[in-house]
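Letter by letter, the sequence shown follows residues 88 to 155 of the working numbering. Ideal Cβ placement from N, Cα and C applies to all residues, glycine included. In what follows, a structure is listed as structure tokens, so that the remarks can point back to it.
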Amino acid sequence: ATVLADSCNRGGVYCGVSLLRKGNYHDHIVQVLQDNRQPTDDQHIQNSIFDCLDGGDIRYRGFCANGC
Numbered sequence: 088a089t090v091l092a093d094s095c096n097r098g099g100v101y102c103g104v105s106l107l108r109k110g111n112y113h114d115h116i117v118q119v120l121q122d123n124r125q126p127t128d129d130q131h132i133q134n135s136i137f138d139c140l141d142g143g144d145i146r147y148r149g150f151c152a153n154g155c
């Protein structure tokens, strides 16, 4: 697993755009979206919602069509 310099807080819920501001989450977000059969365009990368898990890992929760 990749160790992120600045990761999300466990138990938190984050928009993709917030994760991108926090650290190097781009590839991780793309992987999680692919695992959940979601598009990986910028709209989905930035406006999807993720749960933060142990160690800065993230889980896909949903997509905000109107933005975060």
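Query, Result
"For a test of the three-state rule: what should DSSP assign to residue 94, helix, strand or coil?", "coil"
"Keeping to the same chain, check which residues put their C-beta closer than 6 Å to that of residue 149; ignore five residues upstream and five downstream.", "136"
"What is the DSSP secondary structure of residue 88, reduced to helix, strand or coil?", "With a pLDDT of 45 at residue 88, under the threshold of 50, the modelled position of that residue is not reliable, and the figure given next carries that caveat. Coil at residue 88, not helix or strand."
"Taking only the alpha-carbon atoms, compute the straight-line gap between residue 145 and residue 101 and give it to the nearest angstrom.", "9 Å"
"Is the shortest distance between the beta-carbon of residue 134 and the beta-carbons of chain D less than 7 Å?", "Included in the structure is just one protein chain, with no chain D present."
"Mind checking residue 95: buried by the 16 CB within 10 Å criterion, or exposed?", "buried"
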